[in-house]
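See structure below.
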Amino acid sequence: MIEEKLNSIFRRIEKILEDRDRIRERIIVVSREIIRLSGQAISSIHQRRLNDALKYINTIEDNIRDIYKMIEDHSDLRNSGILNNAICEYVEAKLLYTIIRDNNIPSPEELSVDVVQYLQGIGDVIGEIRRIILENIRRGDIEQSYKLLEYMELIYGYMRTLEYPEALIPNVRHKVDVARRLVDDTKAFIIDMEKRIRLINVLERLKM
């Protein structure tokens, strides 16, 4: 009697574990694809190919919906390491796109992501905004650089108010520390370049 019951129990356990293993393997494959597409979306944004970036982002969102549907009955897999990393990469790409394209920042609810995934993603956006600022300055667009710097300062300003333990917001405090340096360096760089441009303009007028 006991042997029959144990046999039944372990058959059910094996079925559950087989399903979880199959889904886990699928999560790994799709997560790697999300990370790859997120990188391509960000590269496209830097190259000013926003239509291409949107195509990548739409594909990512389709993949995420498929994964979430697959793990509806396996909530323990929703926060698996590689999937969590992939979602953070998506958040970074989506936020950067929305900032550049729409001058807006979507919320975690609008992206259907956990708040910690959102914080990790938005923390990394600061570095990508800096890259765009440097390119704008190279092209002589100081005004747009200041607008983007304001995004950096606002994001950093709100993130630094989050006084919670590392266990609750893993890696976020580190991102805040990095963000502080990036904001300070970028602001100093813009101001310095603006002064140089003004000086060049003055010297050009004196030559006339």
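For the sequence shown, counting from 1, position 61 maps to 43 in this note's numbering; every step adds exactly one.
Every residue, glycine too, gets a C-beta built ideally from N, C-alpha and C.
This one's a predicted model, so the numbers in the text were calculated from it and none came from an experiment.
Starting from M(-17), trace the alpha helix (DSSP H) both ways and give me its first and last residue.
Neither: M(-17) is in no alpha helix (DSSP H) and is coded neither H nor E.
Please classify R112 as buried or exposed, where buried requires at least 16 other C-beta atoms within 10 Å of its C-beta.
Label assigned to R112: buried.
Find the nearest neighbour of P152 within the set L101, K76, V165, judged by alpha-carbon distance.
Closest option to P152, Cα to Cα, is L101.
Can you list the alpha helix (DSSP H) stretches of 4 or more residues lying completely in the region 31 to 66, in chain order?
Runs found: 32 to 52.
Given this structure, state the Cα-to-Cα distance separating N33 from F(-8), to the nearest angstrom.
When rounded, the distance between both Cα atoms is 52 Å.
Rounded to the nearest angstrom, what separates K76 and R178 at their Cα positions?
Taking the straight line from one Cα to the other gives about 34 Å.
Mark M(-17) as exposed unless 16 or more other C-beta atoms lie within 10 angstroms of its C-beta, in which case mark it buried.
Classification of M(-17): exposed, given that the 10 Å Cβ count is below 16.
If you draw a straight line from the C-alpha of V154 to the C-alpha of E148, how long is it?
So the two alpha carbons sit approximately 8 Å from each other.
Could you give the distance in angstroms between the alpha-carbon of L116 and the alpha-carbon of E7?
If I take the Cα positions, the gap works out to 40 Å.
What are the boundary residues of the alpha helix (DSSP H) that includes V107?
Where V107 is concerned, the enclosing alpha helix (DSSP H) stretches over 97 to 120.
Just to confirm the assignment: which complete beta strand (DSSP E) runs, minimum length 3, are found wholly within the region 118 to 151?
Whole beta strand (DSSP E) segments, 3+ residues: zero.
What span of residues does the alpha helix (DSSP H) with P90 cover, start to end?
Note, P90: alpha helix (DSSP H), 90 to 93.
Leaving out the 5 sequence neighbours to the left and right, which residues in its chain are closer than 8 Å to R14 when beta-carbon positions are compared?
Within the same chain, R14 has close Cβ partners I64, A68.
Is it right to say V11 is buried, meaning 16 or more other beta carbons lie within 10 angstroms of its own, or is it exposed?
Exposed, because fewer than 16 other Cβ atoms sit within 10 Å of the Cβ of V11.
Flag Y133 as yes if its beta-carbon sits less than 8 Å from any beta-carbon of chain D, otherwise no.
The structure shown contains no chain D; it is built from a single protein chain.
For Y133, which residues from the same chain have a beta carbon less than 7 Å from its beta carbon, with the 5 sequence-adjacent residues on both sides left out?
Excluding sequence neighbours, Y133 sits near I81, I111.
Beta-carbon separation of I16 and Y79 under 8 Å?
No, they are not a contact pair.
Using a threshold of 8 Å, state whether the C-beta atoms of S57 and I42 are closer than that.
No, Cβ-Cβ distance for S57 and I42 is not below 8 Å.
Where does G122 land, buried or exposed, given buried means 16+ other C-beta within 10 angstroms?
Classification of G122: exposed, given that the 10 Å Cβ count is below 16.
Considering only the beta carbon of each residue, do M141 and G105 sit closer than 8 Å?
Going by C-beta atoms, M141 is nearer than 8 Å to G105.
Could you work out which residue in C70, E176, G139 is closest to D159 when comparing CA atoms only?
Here the closest residue by C-alpha is G139.
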